[in-house]
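Asker: Just remember that this note's numbering sits 1011 ahead of the position in the sequence shown, which is counted from 1. I'd like to ask some things about the structure below.
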Amino acid sequence: MREAADTTKSAMVSVIGLDSDKVQQLCDAANQDVDEDNKVQIANYLCPGNYVVYGGVMGVEAVEAKAKSFKARMTVRLVVVGAFHTSFMEPAVSRLESALAAIEIRQPRIPVISNIDAQSHADPATIKKILARQVTSHVQWETTVKTLLAKGLKKSYELGPGKVIAGIVKRMDKKAEMENIGA
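Okay, here's the thing in structure tokens:
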């Protein structure tokens, strides 16, 4: 993925305060002003009112410039090395597929929810396909959290620095209990 990221100048911006349909409209408007190498798309569906757009630098700049006219509360440029979870990562897929083919994945002992489709998958071959697809697929975190909450999630843990995931879960269910375990 790093090699794919190095082949193009890309950027990422979080759009705050719009629903996903409006963010898609914002992307469509920005894409009218840029060439193919600078197109943008929603890459992360984080939670209601917070969606991350990835793409070429000029496309992200167009999103930032147009966001207020779409009534976005704000945009936040994120520091990343590449347009992960977008078509910009297509060159990395075949190498990941080759690496996955060389390893054994066993059937999970507990359900693991994929953030591509917010479903649990147990078949190792399916898991390998999903892992390869993840490189270029939107992150469906919003739907994944809704699925976990519907399955009865009451308490969860966020590993590492920060409390981004805790904030997302709390926005979706104020009663959900999150504990942060810092690095």
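In this text, a Cβ means the ideal position worked out from N, Cα and C, and glycines have one as well. The structure displayed is predicted, hence computed values, not measured ones.
1) Would you mind giving the Cβ-Cβ distance between residue 1077 and residue 1037, rounded to the nearest angstrom? I have them listed as a contact below 8 Å.
2) What's the call for residue 1185, buried or exposed, on a 16-neighbour Cβ count within 10 Å?
3) Look up residue 1076 in the DSSP assignment and say whether it is helix, strand or coil.
4) Are the Cβ atoms of residue 969 and residue 1058 separated by less than 8 Å?
5) Just checking, does the region 1129-1146 make contact with the region 1085-1093 on the three C-beta pairs under 8 Å criterion?
6) Helix or strand or just coil, what does DSSP make of residue 1123?
7) Mind checking which residues open and close the beta strand (DSSP E) that includes residue 1022?
8) Measure how close the beta-carbons of residue 1073 and residue 1045 come, nearest whole angstrom, since I'm counting them as under 8 Å.
9) Based on the DSSP output, what are the partners of residue 1169 in its beta bridges?
10) Less than 8 Å between the C-beta atoms of residue 1022 and residue 1071, yes or no?
11) In or out: residue 1123 buried (at least 16 other Cβ within 10 Å) or exposed?
12) Tell me the DSSP secondary structure of residue 1117 in three-state form.
13) With a CB to CB cut of under 7 Å and the five nearest residues on each side skipped, what residues in its chain are close to residue 1040?
14) For residue 1061, collect the residues of the same chain with a Cβ closer than 6 Å to its Cβ; drop the 5 residues on either side in sequence, then sort them by chain order.
15) Just verifying my parser: in three-state terms, what is the DSSP assignment at residue 1131?
16) Figure out for me which residue from 1146, 1094 and 1181 has the closest Cα to the Cα of residue 1202.
17) At which residue ranges does the region 1025-1099 contain complete alpha helix (DSSP H) runs of 4 or more residues, listed in the order of the chain?
18) Starting from the Cα of residue 1157, find the closest Cα among 1148, 1147 and 1130 and give me that residue.
Answerer: The short version:
1) 6 Å
2) exposed
3) helix
4) This structure gives no information on residue 969, because the portion of the chain shown stretches from 1012 to 1194.
5) no
6) coil
7) 1021-1027
8) 6 Å
9) 1191
10) yes
11) exposed
12) coil
13) 1077
14) 1027
15) strand
16) The structure shown has nothing for residue 1202, since the chain only spans 1012 to 1194.
17) 1031-1042 and 1068-1077
18) 1130
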